[in-house]
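A.B. asks:
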Amino acid sequence: MVVLRDWPHLPALRSLVLNSVTVEAPFAPGQWCPLLEELGLFCCKIEQARVDIHLQHLKCLEMDSVDVSPERQHDGPPYGIITIDAPELLELDMIFDPGCTRDFKSFSLRAPKLRLLCWRNQFAERVRIDVGRPGSVKVGTIEFMSVYFREIKYYREQMMRMLQGLLPDVPPESVADIARPYLTLEECPDSDEDDDTVEEKLTCDLKALMSRGT
37 MVVLRDWPHL
47 PALRSLVLNS
57 VTVEAPFAPG
67 QWCPLLEELG
77 LFCCKIEQAR
87 VDIHLQHLKC
97 LEMDSVDVSP
107 ERQHDGPPYG
117 IITIDAPELL
127 ELDMIFDPGC
137 TRDFKSFSLR
147 APKLRLLCWR
157 NQFAERVRID
167 VGRPGSVKVG
177 TIEFMSVYFR
187 EIKYYREQMM
197 RMLQGLLPDV
207 PPESVADIAR
217 PYLTLEECPD
227 SDEDDDTVEE
237 KLTCDLKALM
247 SRGT
């Protein structure tokens, strides 16, 4: 795996993809490539507690199996503080395998033009989502699969907190009732043939939820 200890200054860069990179340097791309419109992080490890993505021109962000944790410390309590402030962001994909990355301590998103949100499995102790009013997201999914050390009810709580941000005009106490018709809960047998554990998968169809009543 490539190790990145210092960021190059690339003021004209518009698109950046990092694949299987260990990042030891502070993660704040707005300081070294402020014109980024596309950012993709795949199977990377970020060894800084703070991930600050403040990019005025960013339109597409994909984080796939990104582990935010100290050096040689994959396991442990929630760690990363993820902040995304991207006024032009249209698409956000957060794709993680269940139990394969360290939980986030907090996740904060401000993206008033966001249209597509796909979130899979990553747990965050605190979540704050601001997509403007009445809410800009039109399509996508939120999906969680229970793992050995966390029951599906905790993922459901996170999903409701996320939906409160996506539905800012709905009273928080009403979000669960409004979302219920668009949620599915299914059982998924463990892939380990020697294990009889049955995992649960909770999914919210954002396209159906956001187009309700139209």
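Reminder that position 39 of the sequence shown reads as 75 in the numbering used here, one-by-one numbering, no gaps. For glycine and all other residues, C-beta sits at the position ideal for the given N, C-alpha and C. The structure presented is a predicted model; accordingly, all values stated were derived computationally and were not measured.
(1) Would you report the Cα separation of ASP213 and LEU199, rounded to the nearest angstrom?
(2) Determine the direct distance from the alpha carbon of GLU179 to that of ILE118, and round the result to whole angstroms.
(3) Would you be able to state if there are at least three C-beta pairs under 8 Å between the stretch 130-142 and the stretch 203-223?
(4) Go to LEU40, then tell me how far its alpha helix (DSSP H) extends in each direction, as first and last residue.
(5) To which residues of the same chain is PRO134 closer than 7 Å at the C-beta, ignoring the five residues directly before and after it?
(6) Could you tell me if VAL234 is buried or exposed, where buried requires 16 or more neighbouring beta carbons within 10 angstroms of its beta carbon?
(7) CA-CA distance, ILE165 and TRP68?
(8) DSSP on GLY112, reduced to helix/strand/coil?
(9) Extract the residue ranges of the alpha helix (DSSP H) inside the stretch 123-187, only unbroken runs of 4 or more that lie entirely within it.
(10) Where do the N-terminal and C-terminal ends of the alpha helix (DSSP H) with ASP213 fall, by residue?
(11) If I measure Cβ to Cβ from PRO123 and keep anything under 8 Å in the same chain, skipping five residues before and after, which residues do I get?
(12) If the criterion is Cβ atoms closer than 8 Å, does the pair LYS174 and ARG151 meet it?
(13) How is LYS243 classed by DSSP in three states: helix, strand or coil?
(14) Can you tell me whether LEU202 is helix, strand or coil according to DSSP?
(15) Spatial neighbours of CYS79 within its chain, please: C-beta separation below 6 Å, excluding the five flanking residues on both sides.
(16) Mapping DSSP to helix, strand and coil, what is PRO197?
(17) Run the CB neighbour count on ALA48, radius 10 Å, all protein chains shown included, and call it buried at 16 or more, exposed below.
(18) With respect to the beta strand (DSSP E) encompassing GLU98, which residues constitute its N-terminal and C-terminal limits?
(19) Strictly by DSSP, which residues pair up with ARG86?
(20) Is GLY249 helix, strand or coil by DSSP?
C.D. replies: To lay it out plainly:
(1) 11 Å
(2) 19 Å
(3) no
(4) Segment 38-40 is the beta strand (DSSP E) holding LEU40; no alpha helix (DSSP H) there.
(5) So the qualifying residues of the chain are ASN157, MET181 and VAL183.
(6) exposed
(7) Each residue's alpha carbon lies about 25 Å from the other.
(8) coil
(9) none
(10) Element bounds for ASP213: 211-215.
(11) GLN92, ARG146, ALA147, PRO148 and LYS149
(12) In contact: LYS174 and ARG151 (Cβ atoms closer than 8 Å).
(13) helix
(14) helix
(15) SER56 and SER101
(16) The residue you asked about is not Pro; residue 197 is Arg in the sequence shown. Helix, per DSSP.
(17) exposed
(18) 96-100
(19) ILE117
(20) coil
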